[in-house]
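Engineer: Counting in numbering that gives the first Met the number 0, the sequence shown tops out at residue 1092, every number present. Below are the structure tokens for one structure; questions will follow.
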Amino acid sequence: MTLTTYIKVIKIGIFSLLQLDLSANFFQEFPTDALRHLTDLKFLNISNNLITEIERIHLLSLNELQVLDLSRNNIGRLGINTFSNLIALIRLDLSFNALRTIEESSFEGLTKLKWLSLQDNNILLVPASALTQLPSLAHLHVQFNRIAALSSELIRATSTNLMTLGLTRNLVREIPPRLFYNFENLINIELSGNMLSIISQNMFAGLEDTLQNLDISYNRLTDIIELPLRNLVSLNLAGNQLKRISPDTFKYLHKLRYLNLSNNPLYGGFPPIFPSSLINLDISYTELKILPSVLLLNLESLERISLASNQLQEIDEGTFQYLYNLTTIDLSYNAIEHIDNNAFVGLINLYSLNLRDNRLTSFIGEHFNTGTGLEILDLSDNRINQLSQTAFAIHPRLRQLNLSGNRFVQFSSDYVKSLQFLEWLDLSRNMLLHVNEFAFSQMGRLRDLDLSDNKIESVDELAFYNSTQLQLLDLSGNVLETLNERTMEGLLRLESLDLRNNRLALLPETIFDSSRVHAVERIDLSGNRFNEIPIRALQRQFVSLFSLKLAQNRVLEVFTQDIINNVKELDLSENPLSENAIRGILGEAKVLRSLNLANTSIKTIPRLETPFLRHLNLSGNTITDINPVMFERTTMLESLDVSKNRLTDFTNLIRTFKNLPVLQSLDISNNELKNINESNFDGLAMLHSLKMANLLNCTRIEKNAFRSLTKLRLLHAYNYPKLGYFDVQGILKHMTNLEILDIEIKDSSVGNEQLSVRIHPYLRDLTLRGERLRNILSSSLVGVRGPRLLLSLKDTSVDSIPTALFFPVPRSTKIELNVSGSKFTNLPPQLLNALDERRASVRISGLDNNPINCSCEVRHLWNWLKLLDNKAPTVICAKPDYLMGTLLSNLTEEYFLCNRTTLTKLQTTEITPLTKSTTLEPEIIWTVAPTVQNNRNNHYNNDHTGTSTLSNISNTDDTLIIGIVGSVVAFIAIIIITICICRLRWSNQMQEARIAAMAASSIHEASMIRPASAYSGKINPHDLYVSSYNGSTLERGGNNSNPSATPVQMMPYVQPIHMMHAVSSLSPSSQQIYGYYDNPSLPVYVTENKLDR
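This is how it looks when you write it as structure tokens:
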């Protein structure tokens, strides 16, 4: 039923409709006809569709509309006077579309518009005349675009009522002085993630008394000047390159409350005094090594401070003195070894203290001088092996205590017995050997106790006595062999008991007696040594027991069905169950909701008498066929896993699927299926997840086999070695709800034509596989619009990706690129620049599983890794052989000065005679034999961009601009060449006399390359380049000179030159000369760096 038909059906009251939400309906056109009678409509949400254009005619009848949401469509342009009829519109959202430019008449008629979002459109330019038509505009959001410059006309067009200006993550490099001078109401400016390198003196002139929030984080600032913003409340300077904060910076910021200086290399270069009005201070990731008490001396209003991820080694006495309002301190991920007594003196309002991942060996109450209101304390991942008896006594209101990842061998009850409000205690990943009697007893409010991953051998009786509120007890990952029958004494409200991965073979019969434990709901006994289900111990809880897990044990038989008939979730996977046991479980467990029998040696499936079963796992067995009769009663089944079996035919499966009308998840991977036809998945209209990977015998998959799976959200379809062709485009065209796709590509290249990402707006996880796949086209990701995208290239032959691959992806999208198992030898500089432009929104993994060649060409990748520092991916050298297994980031800069070896050889080489040529074409004369045959493609300092298969793929506006500039340069070069030719002809006439004079000489003519200046076009007879303009490993000038980054093909300039004197030995300062040699009869020696005419 179309939307128009639907509205006709519900005519009653439709004309008075005020709000309408049509989002996520896959409309390809604006539903004009359907909405033409809704004249009273005030709110319309038509976001997340596939609309490509919007015209004035579409909105003619919506005169009363106040809110219009057109975000997350594919709108590429706005028609003339598109919104002119929406005279009542207040809020307009055009974010996440494909707009590049805004026409001057786009917003005509929107005189009441107050809120406009053009976020994430790749907009290059917004004409000032378009914004002048919005006199009421108060909030303008143009974040995540490509705006490079802010003209005074553009900004001043909005100056009257503008309160918020969002320019986050654009390409702004500079803001002209006094740009905001006429803004009387502007209180919020967002400039995060641009390319600002300096804050000029008058940048915010005119906003001294109005601006309240300023965000200039993640730019390229190296210095911050005095900010005369007297009413500023929030200042974000995070992620810049600040090494010092001037004391004058905060001179006028008397109302500043929120200050973020994180992710700057300050090394302690803080001002002597912060504004006393601060309540939130973030100086994490600033490489701070010492925390002087004077730094926080005057911050009496401070409530929250973050010092995480620095290099602090100790906290001195009185560091936080007089900070009576401080509630939250984050000192995690430092190198703190020692905390002085009274370091946290006077913190009576402290609520949360985070000391995670430091080097503390102890923690004592004397760190504080008075009682606190501390409720959350994190001491995890330190080296603490002991605590004082009063360590926590000074914090009586403690609710959460994390001591995991330390070195406790024993834990005394005296440490926590005074904590009557403690609800959550984590002692996992320590070295505890025993849990002593009364260790955690009488803890009246404790609800969650984690003792996992220790070395606990025994738990004494009454260890948890009368901890009546304990609901979750985790003892997994220890070495328990037995438990005492009174171990659970007093745990009246215990709900979940985790005993995984121990060495238990038996449970005491009365351990779960109802007098000790009232109603246990979940028990996990997986990974132990049980030969049978401990029925006698469990039967005392069979009424309340909901979930029982006995995976990875040694259970062979099920002797009674008492427990099986009552539990709702049962996991017996990876047990050597007998056929009788399987028959009894499947035939009599009538109330089961979830059953896992994976890897239990099942050969045949009996009829299932489980009418309420929803989840069934039969993977890893030897099932060869599934009879439809087996599933006649399981009509409520939602998830079925039959992977890793020996199914060969779909014939019975088709009839089986018809008995499963609500099946949502199906896994048939790792079977012996040969053909998948168009009728195989009929009846599975509700299917959300389909896994059909590793079908090694499959020779045919019809594209229409998936036509009924329109609700599919997850598809795994890869590793079909016998399949000649896989029609990816045909398979995916009906799956418009896909979120996760893992698929094999049989073609050598893949693009948007096959993937059709545009019609999969919810796609967030895309994995491409296949050894045949070699190229990823730049169009592949056109249509991505989600907030996150995981792109994986696994086990492919891809060795490069186009620079423009991520260009169509919204700039606000967080991207993770996994290239595990591909053929990357390097990441070229063009791609690294594209990734750098997106800043922290792209993360690469899997490079360590690629054959990275750590030659000179990998220098750009090395530099990029250094800039990322601790966030850099792991890159391991595969070549050359002597660097195999070495981390690329561990190489030093000297390694990449690859020209040093060549230069040394050149400087120490003796003169070499130029041998006679026998060819008609002029040959290159080398004074030294080149070490690399194609040195003409290398620069002297190896700082080359390189020619890449990526260079011809980028098809962006930036490339167009570069092309225009290149055309101008080429035109100028033509003029220069013309002038040179004229001068050459003139010089030939002048030298005829000299040529005649040389006729009798025994030294023949030699034609030498004489380079022209790249800027003047003139020939300098005293300066001779080596080889071509940009292709040699040698150059004119010193070692620090930089060659042109852009390769320019130049014709050699050949001119007869007289050799006026004999050659001598090559001095260290001599300049090497390459030239063309025109068949002389005698050898010619070139040794001096100047030649006389």
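Glycine residues also receive a C-beta, built at the ideal position from the N, C-alpha and C atoms.
Would you say L212 and S233 are within 8 angstroms of each other, going by their C-beta atoms?
Structural biologist: Note that residue 212 is Asn in the sequence shown here, rather than Leu. Yes; because the gap between Cβ atoms is below 8 angstroms, this pair is in contact.
Engineer: According to DSSP, is D339 part of a helix, a strand, or is it coil?
Structural biologist: D339: coil per DSSP, three-state reduction.
Engineer: Would you check if the segment 805-814 and the segment 787-795 touch, i.e. whether three or more CB-CB distances between them fall below 8 angstroms?
Structural biologist: Segments in contact, yes.
Engineer: Are H505 and P533 closer than 8 angstroms when you measure CB to CB?
Structural biologist: A small fix is needed here, since residue 505 is Leu in this sequence, not His. Taking 8 angstroms as the Cβ cut-off, L505 and P533 qualify as a contacting pair.
Engineer: Going residue by residue through the segment 326-397, where are the continuous beta strand (DSSP E) segments of at least 3 residues, counting only ones entirely within it?
Structural biologist: Taking only runs of at least 3 residues, the beta strand (DSSP E) segments lying wholly in the segment 326-397 are 327-329, 351-353, 375-377.
Engineer: Quick one: does the C-beta of E189 sit closer than 7 angstroms to a heavy atom of the ligand COA?
Structural biologist: The model on display carries no ligand, and the ligand COA is accordingly not part of it.
Engineer: Is N564 helix, strand or coil when you go by DSSP?
Structural biologist: Three-state DSSP puts N564 in coil, outside helix and strand.
Engineer: Could you tell me the boundaries of the alpha helix (DSSP H) in which N187 lies?
Structural biologist: Run containing N187: none in the alpha helix (DSSP H); it sits in the beta strand (DSSP E), 187-189.
Engineer: Spatial neighbours of V478 within its chain, please: CB distance less than 8 angstroms, with the 5 preceding and 5 following residues excluded, ordered by chain position.
Structural biologist: Closer than 8 angstroms at Cβ, skipping near neighbours: K454, I455, E456, N501, R502.
Engineer: With I658 and I625 assumed to form a contact (beta carbons below 8 angstroms), what rounded beta-carbon distance in angstroms separates them?
Structural biologist: The question names Ile, yet the displayed sequence has Asn at residue 658. Actually they do not touch by this definition, with Cβ atoms about 11 angstroms apart.
Engineer: Excluding the 5 residues preceding and the 5 following Q132 in the sequence, name in chain order all residues of the same chain whose CB lies nearer than 6 angstroms to its CB.
Structural biologist: Excluding residues within five positions, the ones whose Cβ falls inside 6 angstroms are F106, E107.
Engineer: Between R71 and F42, how many whole angstroms is the CB-CB distance? I'm expecting something under 8 angstroms.
Structural biologist: Incorrect: roughly 17 angstroms between the Cβ atoms, too far for contact.
Engineer: Which one of L149, R145, L185, S379 has the shortest CA to CA distance from T159?
Structural biologist: It is L185 whose Cα lies nearest to the Cα of T159.
Engineer: Just to confirm my understanding: we take A1108, look at its own chain, exclude 5 residues before and 5 after, and list those with CB closer than 6 angstroms. What are they?
Structural biologist: The structure shown has nothing for residue 1108, since the chain only spans 0 to 1092.
Engineer: Go through the segment 693-759 residue by residue and report every complete run of the beta strand (DSSP E) that reaches 3 residues or more, in order.
Structural biologist: For the segment 693-759, whole beta strand (DSSP E) runs of length 3 or above, ordered along the chain, are 713-716, 739-743.
Engineer: Determine the extent of the beta strand (DSSP E) in which N279 is found, giving its start and end residues.
Structural biologist: Its beta strand (DSSP E) spans residues 279-281.
Engineer: So, for S747: in the same chain, excluding its five sequence neighbours on each side, which residues have a beta-carbon less than 8 angstroms away from its beta-carbon?
Structural biologist: If we look at S747 and ignore the five residues flanking it on each side, its Cβ neighbours are R771, L772, R773, N774.
Engineer: Give me the Cα-Cα distance between F805 and N144, rounded to the nearest whole angstrom.
Structural biologist: Taking the straight line joining both Cα atoms gives about 14 angstroms.
Engineer: Classify V628 as helix, strand or coil using the three-state DSSP reduction.
Structural biologist: Here V628 sits in helix by DSSP.
Engineer: Along the chain, where does the alpha helix (DSSP H) containing I223 start, and where does it finish?
Structural biologist: Looking at the DSSP string, I223 is not in any alpha helix (DSSP H), and its letter there is neither H nor E.
Engineer: Return the CA-CA distance between K1096 and L639, expressed in angstroms with no decimal places.
Structural biologist: A query on residue 1096 cannot be resolved here, the shown segment of the chain reaching from 0 to 1092 and no further.
Engineer: Consider the Cβ of I314: report whether some Cβ of chain D lies at a distance smaller than 8 angstroms.
Structural biologist: Looking for chain D here will not work: only one protein chain is present.
Engineer: Exposed or buried, which one is A129 when buried takes at least 16 other CB atoms within 10 Å?
Structural biologist: Counting Cβ neighbours within 10 Å, A129 comes out buried, since at least 16 surround it.
Engineer: Beta-carbon separation of L37 and P30 under 8 angstroms?
Structural biologist: Cβ distance not < 8 angstroms, so L37 and P30 don't count as in contact.
Engineer: Where do the ends of the alpha helix (DSSP H) carrying E587 lie?
Structural biologist: Segment 578-587, the alpha helix (DSSP H) holding E587.
Engineer: Give me, in chain order, the residues of the same chain whose beta-carbon lies closer than 8 angstroms to that of S283; leave out the 5 immediate sequence neighbours on both sides.
Structural biologist: Taken in chain order, the residues that qualify are S261, N262, S305, L306, A307, S308, N309, D329.
Engineer: Suppose the cutoff is 6 angstroms on Cβ atoms and the five residues either side in sequence are ignored; what does the same chain contact list for F823 look like?
Structural biologist: If we look at F823 and ignore the five residues flanking it on each side, its Cβ neighbours are D798, N849.
Engineer: How many angstroms separate the CA atom of I188 from the CA atom of K113?
Structural biologist: For I188 and K113, the distance between alpha carbons rounds to 16 angstroms.
Engineer: For a minimum of 3 consecutive residues, which ranges assigned as the beta strand (DSSP E) are wholly contained in the segment 431-515?
Structural biologist: Complete beta strand (DSSP E) runs here, min 3: 447-449, 471-473, 495-497.
Engineer: How should Q388 be labelled, buried or exposed, when 16 other C-beta atoms within 10 angstroms of its C-beta is the threshold for buried?
Structural biologist: Answer is exposed; the Cβ neighbour count stays below 16.
Engineer: Going by other Cβ atoms of all chains shown within 10 Å of its Cβ, with 16 needed for buried, is F249 buried or exposed?
Structural biologist: Buried, because 16 or more other Cβ atoms sit within 10 Å of the Cβ of F249.
Engineer: If G372 sits next to R396, beta carbons under 8 angstroms apart, how far is it from one beta carbon to the other, in whole angstroms?
Structural biologist: Yes, they are in contact, since the Cβ atoms of G372 and R396 sit about 6 angstroms apart, within 8 angstroms.
Engineer: Helix, strand or coil for L426? Go by DSSP, reduced to three states.
Structural biologist: Note: L426 maps to coil in three-state DSSP.
Engineer: Per the DSSP calculation, F42 is bridged to which residue(s)?
Structural biologist: F42 is bridged to Q18, V66.
Engineer: Out of curiosity, what's the CA-to-CA distance linking N73 and L88?
Structural biologist: Each residue's alpha carbon lies about 22 angstroms from the other.
Engineer: If you drop the 5 nearest sequence neighbours on each side, which residues of the same chain put their C-beta closer than 6 angstroms to that of P507?
Structural biologist: Taken in chain order, the residues that qualify are E484.
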